[in-house]
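Note sheet for the following structure.
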Amino acid sequence: MWDKFVALSEDGHAVLAKLSPDITVDNNFDTRGLDEALEKVGASNFYLIEDEVKRFIKLAKETSGEAYSGIKIAEVRDATVEVVLSDHDMLASMVVTGAYKGEPLKGPQIVHALAQSHVTKGINKLALKKVLIMSHQLKPGETFTQPVAKGKNPVQGKDAKFIPLVKDPAKQVLAPQEDQQDGKVDMLDLGETITVSENDPLMKRVPATKGEPGITVQGRIIPPKPGNDSVLKEGKGSAVSPQNPNLLIATVSGMPMLKEKGVDVEDALCLKTIGVATGHVKFKGNVVVFGNIESDMVVRATGTLTVGGFIESADVQVQGDIQVAKGIIGHNVSEGEQRSCIVKSGGTISANYAQFCELQAAEDIHLNVHCMNSEVRCGKDLVVVDASEKHGTLSGGHAKIGGKVVCVELGVEGDTATYVEAFARFQMYKERQAKLKEQYTQAQEDTMSVIRKELELKKIPKSERTPEQEQELETFKQESNEHLEKVKQARDSNEQELETALEANVVEVKGKVFTHVTVQFGEDKVITKRAHGPSIFSFNQYEIKCRSLLDEEAFEEEV
């Protein structure tokens, strides 16, 4: 029926639908047959104006006068282009819609579209050419999107960097050196001690950069974030070079101690051994011993201690780190008797092994081979594992560790008992939590007291209240609320810290757990009654759990 209604306009650029006076339509009249009718008049590629088609159908059913005068339902349309901005105006894309029997795009149209969207920067001419070509190839109504302009992101500034120009003695690995000429290894040559002389460069500063600004496709400048700048920190025995403000130099000779933004130069005492020939050593600075610290010797130092051999049945206490190339050895003593070898550090202790001794460190203790029948205390972690993770036995004695314990084997075959307490700081957290809860309860009571005062004040007629009373109450109210919020945040923060610490501070055994091992967290403890494979002992504030590491889906074990 549509073929009786549709016809091309005089210019051939539109299709008009017109109801004939001699034809009436029923209520079943719809769009069926419209496509065929348009094809007959050569308008199958025209743009169909669907809303007008629906309007014509409605008017035709109502036999409205407008239906008899004619309604435009399809038309020729040229290809169109639209500029779309995205990524915070850093990308401009052109969306081309194919022509409906009309003209493809021309160069001026593309230029006009860019100008209308104020796109002036980062334009890709090849992409514009592709848009032009595609407008000839697209089917009627088909769309094609092509990025045509790209902005430039700002280059953010870099923070100031501090680059050490000397090696770090704390990281020096003491090991026998190979002769470069004959390839032989001299077991007594453990490498040169790292020292500096006066005016030697210690550290250089690379200043922070401001960065480079970016620009959007519309030409808007994006300022960069400048890097954080810091200055070199002069320390003991070091100063900023008068010739170069970005260079730190030594003002005295000694051993360099690297810091984050500076270097201290400590006095260094270098000895072949500490024994009867040297006597006890008490030194303000760092001590380097190429050989051993022998029996019954006392060593005190305010810096670090580096030992190329053994510490054997000596009393060693230093404020810095202790690094021992070989072992720390005492001899067996009766229960309750003081250990023959005592080694205490204000930093870390690292050695190949330790046996029958007392070790105490404010930070970590790291042993490679074993820790046998020793009293061990440290503020952070105890690690008894070598680089290959195949060796590392913690057996006998007592270990009270502030953080986590990691070893390959825990305990020993036979009846020798081993005691390990991990996360010794748990009690401190609990006491702090109890104190914070008390403070929070008290703060709540104080807040309620203020509310009661407010209610009492409101009972007094407004005319009888003084501005001072109201101001005083408002001040109390504000202070009370601020205090309550502060205490609540402290309580919640401590709770979160405790949860995080409980997850991290575990007893991890990579190889085997033997019998007669006591693992303690807080006041809770478990004693192993059978051997276990690789395991993790963890604590959730209420019980100690033992989890196997053998399976991917770890399962809990009975201890």
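In the UniProt record's numbering, the protein residues as written are 1 to 559.
Glycine included, every Cβ here is placed at the ideal spot set by N, Cα and C.
For this session: Report buried or exposed for Thr348, applying the criterion of at least 16 other Cβ atoms within 10 angstroms of its Cβ.
Result: Numbered from 1 along the sequence shown, position 348 holds the residue referred to as residue 348. With 16 or more other Cβ atoms within 10 Å, it is buried.
For this session: Could you name each continuous alpha helix (DSSP H) segment of 4 residues or more that falls completely within the region 315 to 375, going from the start of the chain to the end?
Result: None, since the region 315 to 375 contains no complete alpha helix (DSSP H) of that length.
For this session: Could you name the residues of the same chain whose beta carbon sits closer than 8 Å to that of Asn246, not counting the 5 residues immediately before and after it, in chain order?
Result: Within the sequence shown, residue 246 is the residue found at index 246, counting from 1. Answer for Asn246: Lys204, Arg205, Val206, Pro207, Leu232, listed in chain order.
For this session: Decide if Ile23 is buried, meaning its Cβ has at least 16 other Cβ atoms within 10 Å, or exposed.
Result: Taking the first residue of the sequence shown as position 1, residue 23 is located at position 23. With fewer than 16 Cβ atoms within 10 Å of its Cβ, Ile23 is classed as exposed.
For this session: Alpha carbon to alpha carbon, how far is Gly98 from Leu128? Give it in angstroms, no decimals.
Result: Numbered from 1 along the sequence shown, position 128 holds the residue referred to as residue 128. Numbered from 1 along the sequence shown, position 98 holds the residue referred to as residue 98. Between Leu128 and Gly98, the C-alpha separation is close to 16 Å.
Exercise. Is the Cβ-Cβ distance between Arg432 and Asn494 less than 8 Å?
Worked result: Here residue 432 corresponds to residue number 432 of the sequence shown, with the count starting at 1. Here residue 494 corresponds to residue number 494 of the sequence shown, with the count starting at 1. Closer than 8 Å, so yes.
Problem set entry | Cut-off 8 Å between Cβ atoms - residues of its own chain near Lys510, not counting five sequence neighbours on either side | Taking the sequence shown and counting its residues from 1, the one referred to as residue 510 is at position 510. Taking Lys510 as the centre and dropping the five residues before and after it, the same chain places the C-beta of Val385, Glu389, Gly392, Val406, Cys407, Val408, Pro534, Leu549 closer than 8 Å to its C-beta, in chain order.
For this session: For Val231, name the three-state secondary structure that DSSP assigns.
Result: The residue labelled residue 231 in the question sits at position 231 within the sequence shown. Three-state result, Val231: coil.
Exercise. Are Thr416 and Leu410 closer than 8 Å when you measure CB to CB?
Worked result: Stepping through the sequence shown from its first residue, residue 416 is reached at position 416. Stepping through the sequence shown from its first residue, residue 410 is reached at position 410. A distance of 8 Å or more separates the beta carbons of Thr416 and Leu410.
Exercise. According to DSSP, what are the bridge partners of Pro534?
Worked result: Locating residue 534 in the sequence shown gives position 534, where the first residue counts as 1. DSSP, once it has assigned bridges, lists no residue as partnering Pro534.
Problem set entry | Sequence-distant residues of the same chain with beta carbon closer than 7 Å to Lys437, five excluded per side | Here the question's residue 437 lines up with position 437 in the sequence shown. Excluding residues within five positions, the ones whose Cβ falls inside 7 Å are Arg491.
Problem set entry | Nearest to Ser334 (by Cα), restricted to the options Gly151, Glu413, Gly397 | Position 334 of the sequence shown holds residue 334. Nearest option by C-alpha distance: Gly397.
Problem set entry | Contacts around Glu66, its chain only, beta-carbon distance under 6 Å, and the 5 residues preceding and following it disregarded | Stepping through the sequence shown from its first residue, residue 66 is reached at position 66. Here the set comprises Leu59.
For this session: Please determine, among Ser93, Val155, Lys284, Gln243, the residue with the shortest C-alpha to C-alpha distance to Val217.
Result: Within the sequence shown, residue 217 is the residue found at index 217, counting from 1. Checking every option, the nearest Cα to that of Val217 belongs to Ser93.
Exercise. Does DSSP put Ile460 in a helix, in a strand, or in coil?
Worked result: One-based indexing of the sequence shown puts residue 460 at position 460. In the three-state scheme derived from DSSP, where H, G and I count as helix and E and B as strand, Ile460 is classed as coil.
Problem set entry | Local conformation of Met90 per DSSP, three classes | The residue labelled residue 90 in the question sits at position 90 within the sequence shown. Met90: coil per DSSP, three-state reduction.
Problem set entry | Val519 vs Lys525 beta-carbon contact at 8 Å | Here residue 519 refers to the residue found at position 519 of the sequence shown. Here residue 525 refers to the residue found at position 525 of the sequence shown. The Cβ-Cβ distance between Val519 and Lys525 falls below 8 Å.
For this session: State the Cα-Cα distance for the pair Tyr100 and Gly157, rounded to the nearest angstrom.
Result: Looking up residue 100 in the sequence shown gives position 100. Looking up residue 157 in the sequence shown gives position 157. Rounded to whole angstroms, Tyr100 to Gly157 spans 52 Å at the Cα level.
Exercise. Do you know how far the Cα of Ser340 is from the Cα of Phe356?
Worked result: Taking the first residue of the sequence shown as position 1, residue 356 is located at position 356. Taking the first residue of the sequence shown as position 1, residue 340 is located at position 340. Roughly 8 Å separates the two Cα atoms.
Exercise. From which residue to which residue does the beta strand (DSSP E) around Phe283 run?
Worked result: What you label residue 283 is simply residue 283 of the sequence shown in a count that begins at 1. It spans 281 to 283 - the beta strand (DSSP E) in which Phe283 sits, taken as one unbroken run.
Problem set entry | Three-state class that DSSP yields for Arg547 in the structure shown | Here residue 547 refers to the residue found at position 547 when the sequence shown is read from its first residue. Residue state for Arg547 is assigned as strand, using DSSP reduced to three classes.
For this session: Compute the beta-carbon to beta-carbon distance between Gln146 and Lys130, rounded to the nearest angstrom, for a pair I have assumed lies under 8 Å.
Result: Translated into positions along the sequence shown, residue 146 becomes position 146. Translated into positions along the sequence shown, residue 130 becomes position 130. The Cβ separation is near 6 Å, so the contact holds.
Problem set entry | Exposure of Lys139, with buried meaning 16 or more beta-carbon neighbours within 10 Å | Position 139 of the sequence shown holds residue 139. Residue environment for Lys139: exposed (fewer than 16 other C-beta atoms within 10 angstroms of its C-beta).
For this session: Please determine, among Glu260, Gly285, Glu499, the residue with the shortest C-alpha to C-alpha distance to Gly254.
Result: Indexing the sequence shown from 1 puts residue 254 at position 254. Comparing Cα-Cα distances from Gly254 to each of Glu260, Gly285, Glu499, the minimum goes to Gly285.
Exercise. Relative to the C-alpha of Val6, which residue among Leu248, Asp26, Glu39 is closest?
Worked result: For the purposes of this step, residue 6 is taken as the residue at position 6 of the sequence shown. The closest CA to that of Val6, considering only Leu248, Asp26, Glu39, is found on Glu39.
Exercise. Rounded to a whole number of angstroms, what is the C-alpha to C-alpha distance between Glu337 and Glu375?
Worked result: Within the sequence shown, residue 337 is the residue found at index 337, counting from 1. Within the sequence shown, residue 375 is the residue found at index 375, counting from 1. The C-alpha of Glu337 lies about 12 Å from the C-alpha of Glu375.
Problem set entry | CB contact flag (Met297, Ile274, <8 Å) | Here residue 297 corresponds to residue number 297 of the sequence shown, with the count starting at 1. Here residue 274 corresponds to residue number 274 of the sequence shown, with the count starting at 1. Yes, these two residues count as a Cβ contact at 8 Å.
Problem set entry | With 16 other Cβ atoms within 10 Å as the buried cut-off, status of Ser463 | Here residue 463 corresponds to residue number 463 of the sequence shown, with the count starting at 1. Exposed is the call here.
Problem set entry | Sheet register partners of Ala399 (DSSP bridge) | Locating residue 399 in the sequence shown gives position 399, counting from the first residue. Residue pairing for Ala399: DSSP places it in a beta bridge opposite Val376, Val420.
For this session: Kindly indicate which three-state DSSP category Tyr440 falls into: helix, strand or coil?
Result: As a working mapping, residue 440 is identified with position 440 in the sequence shown. DSSP, reduced to helix, strand and coil, places Tyr440 within a helical segment of the structure shown.
For this session: Throw me the rounded Cβ distance for the Trp2 and Gly33 pair, which I believe falls under 8 Å.
Result: To locate residue 2, count along the sequence shown from 1; it is residue 2. To locate residue 33, count along the sequence shown from 1; it is residue 33. Right, the Cβ-Cβ distance comes to about 5 Å (below 8 Å), so this counts as a contact.
Exercise. CB-CB under 8 Å to Met134, same chain, minus the five flanking residues each way: which ones, in chain order?
Worked result: Working through the sequence shown from its first residue, we reach residue 134 at position 134. Listed in chain order, the non-local C-beta contacts of Met134 below 8 Å within the same chain comprise Val96, Phe144, Gln146, local neighbours out to five positions each way being set aside.
Exercise. Taking DSSP as the reference, what is the three-state secondary structure of Lys121?
Worked result: Walking along the sequence shown from the start, residue 121 turns up at place 121. Of the three classes helix, strand and coil, the one that applies to Lys121 here is coil, per DSSP.
For this session: Report back the beta-carbon spacing between Ala74 and Phe46 to the nearest angstrom; my notes put them in contact at under 8 Å.
Result: For the purposes of this step, residue 74 is taken as residue 74 along the sequence shown, with counting starting at 1. For the purposes of this step, residue 46 is taken as residue 46 along the sequence shown, with counting starting at 1. Confirmed, about 4 Å.
Exercise. Residue range of the beta strand (DSSP E) that Asp264 falls in?
Worked result: Taking the sequence shown and counting its residues from 1, the one referred to as residue 264 is at position 264. Per DSSP, the unbroken beta strand (DSSP E) holding Asp264 starts and ends at 263 to 266.
Exercise. Are the CB atoms of Val15 and Thr31 nearer to each other than 8 Å?
Worked result: Taking the sequence shown and counting its residues from 1, the one referred to as residue 15 is at position 15. Taking the sequence shown and counting its residues from 1, the one referred to as residue 31 is at position 31. Not in contact: Val15 and Thr31 (Cβ atoms no closer than 8 Å).
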